[in-house]
Amino acid sequence: MQTPKQSINKEEKAIVAENAMPADWSPAKRRQKDIEARWTKKHGKSYFGYKLSANADKRYKVIRKIKIST
Numbered sequence: 001m002q003t004p005k006q007s008i009n010k011e012e013k014a015i016v017a018e019n020a021m022p023a024d025w026s027p028a029k030r031r032q033k034d035i036e037a038r039w040t041k042k043h044g045k046s047y048f049g050y051k052l053s054a055n056a057d058k059r060y061k062v063i064r065k066i067k068i069s070t
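First residue of the sequence shown: 1, per the UniProt record's numbering; consecutive thereafter.
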């Protein structure tokens, strides 16, 4: 699942890496930033977002399990 790309500077990136939120961000900016999504590469192309895994029953066409991870 792709999410909008984030643009943060080095200082903010270091704070986010410690699972904290920069103090100078306004409440509106905090709502806009997704600090849990991560970058990954697949077939030479970069993606920013989450990994979505789904387990479905082929016979009954029912989704049994969904897992979303970073």
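Here a beta-carbon is modelled for each residue, glycine too, at the ideal position from N, C-alpha and C.
Since the structure is predicted, the reported quantities are computational estimates derived from the model, not experimental observations.
Note: Ala-56 is bridge-paired with Ile-63 in the DSSP secondary-structure output. Less than 7 Å separates the beta-carbon of Glu-36 from that of Thr-70.
Taking C-beta separations shorter than 6 Å and ignoring five residues to either side along the sequence, the partners of Arg-38 in its chain run Thr-70, following chain order. Here DSSP, grouped into helix, strand and coil, assigns Gln-6 to coil.
Taking Leu-52 as reference, the option from Ala-17, Lys-5, Lys-67, Asn-19 with the minimal CA-CA separation is Lys-67.
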